[in-house]
Each structure stands twice: as structure tokens, then as C-alpha cells.
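What follows is a short report on a single structure.
Numbering (my numbering), first residue to last: 36 to 278.
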């Protein structure tokens, strides 16, 4: 009897152990799913939010852009049409809307979490990309609390501060870009450049935040996870998730 009781307690404790989580991915059907597991041994949870155009997660919260607005754990905030680019900074996030060329800040815990730069929808931030279409924002990031943009111009790919000053440059041939703490991850003609490495992968078209340590990578109709921690860079394929 004692053995059976001990076994039952052990089973109960095991059942309550939470599965490790890598982050959340956006599947091909527009569903945000939790990715469970470690390294290349992962499984997907059920779709938690559907109809998603783009998404991003830090280690503490996620945001998803749908036609209706920005979806978070606190509800839905109205937002411009089209997808969005996300950058996370503690409990806050910066959101760039490519179609309307607007920048907004999401503040954790606020009832109406989207605060547009300089006050209102339709008002440009202190700096915004060339309205004539010469600039294309590839990524938005945060450096020491200040917003930065990765911008493609006719002269190349530049990292630009919110006041318009240039903070750095990437190779002219860089494809998709994601600004990360201390630098950038970008697609080359044959792979992904991260830190001082190049990881082979053809056809990279997009990056998005799965968590503070992982990016989702889209390449050739397949989704991958890229660990970005310095010295632990790893790329592996994610399950299909409806592809």
C-alpha cells in the first residue's frame, strides 16, 4: 500500500510539471501557437488567436495584429490596417504599421494600450521614413530605451535612430532583417547572418519574435526557430502547424 501511495504521489507531481516552452509561432493559417519542447524536439499547442497577420512575443507577453487591431492578454486595441512590426522593451513594446507608416507604443496594463507618437492616429513620429517610398522599414528595435529602425534606402540598408540620425549600416544585399539587442540578424543570399556567424538557409523571407531568445524564420514555405543567444545560436525546423 505504501508503494502504491508513493507511486500515486509521484505521478501526480509529474503530471503537474509544466512542459518547457520555446515561445509562440505564427502558423501558415494565421494562428498563434505555443511551441513546446527543447531544441529540435518540439510540439505545437492549439491555435490561441486566429486571423493573425503578424505577431511578436517577449519572454513575458505577446502581441498579435489582426484586421480588428492589436490583440493582447488585456484585450483588443484598435489599430491601422495591415500587418505590424514589433519591438519589445521590458513591459512595453513599439509597433510600426508599414501600410499607414505609423509608430505606436504599447504600454503594459493600460486600458487602451496603443499610444501613438505625438498624440494621435495620423500624426507622424518625430522621424518617419520618406513618404515618397524611398525608404522601407524592415525592422524596428530598441537600443538603450530608444527606438531604432532598419531601413532600406537606395543607398543601402541603414540602422536609423528615431531622430533620423544613422546609427549603423548592414550589407546592401541584406534581405529580411530583425534588430536584436546589440545588433541585427539578417538574411544573406545563402543563409542567416547572426553575430559573427552565417547559418546556411536558402530563401529566407521574414523574421518574427517567438520569445526573447528565439526568432521565427520563414524560408521556402517552411517555418524555423532560430536561437539568438550569443554562443548558443541554433536553427531548427518547426512543425507544420497547418501548412
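Beta carbons are placed, not taken as given, at the ideal position from N, Cα and C, and that holds for glycine. Keep in mind that this is a model prediction, so the values were computed, not measured.
1) How big is the Cα-Cα spacing for residue 188 and residue 54?
2) What does DSSP give as the partner residues of residue 245 in its beta bridges?
3) Among the residues of its own chain, which have a CB less than 7 Å from the CB of residue 255, if the five just before and after it don't count?
4) Nearest CA to the CA of residue 118: which residue from 131, 126, 234 and 67?
5) How close, in whole Å, do the beta carbons of residue 100 and residue 113 come, if the pair is a contact with beta carbons under 8 Å?
6) In the DSSP assignment, what residue or residues form a beta bridge with residue 233?
7) For residue 213, which option in 203, 97 and 244 has the closest C-alpha, if you only look at C-alpha atoms?
8) Would you say residue 244 reaches chain B, if we count a Cβ-Cβ gap shorter than 8 Å as a contact?
9) Can you find the residues in the same chain that come closer than 6 Å, C-beta to C-beta, to residue 220, ignoring five residues on each side of it along the sequence?
Here's the rundown:
1) 44 Å
2) For residue 245, which the question treats as bridged, DSSP gives no partner whatsoever.
3) 237 and 238
4) 131
5) 12 Å between Cβ atoms; not a contact.
6) 228
7) 244
8) Any reference to chain B falls outside this structure, which holds one protein chain only.
9) 213 and 229
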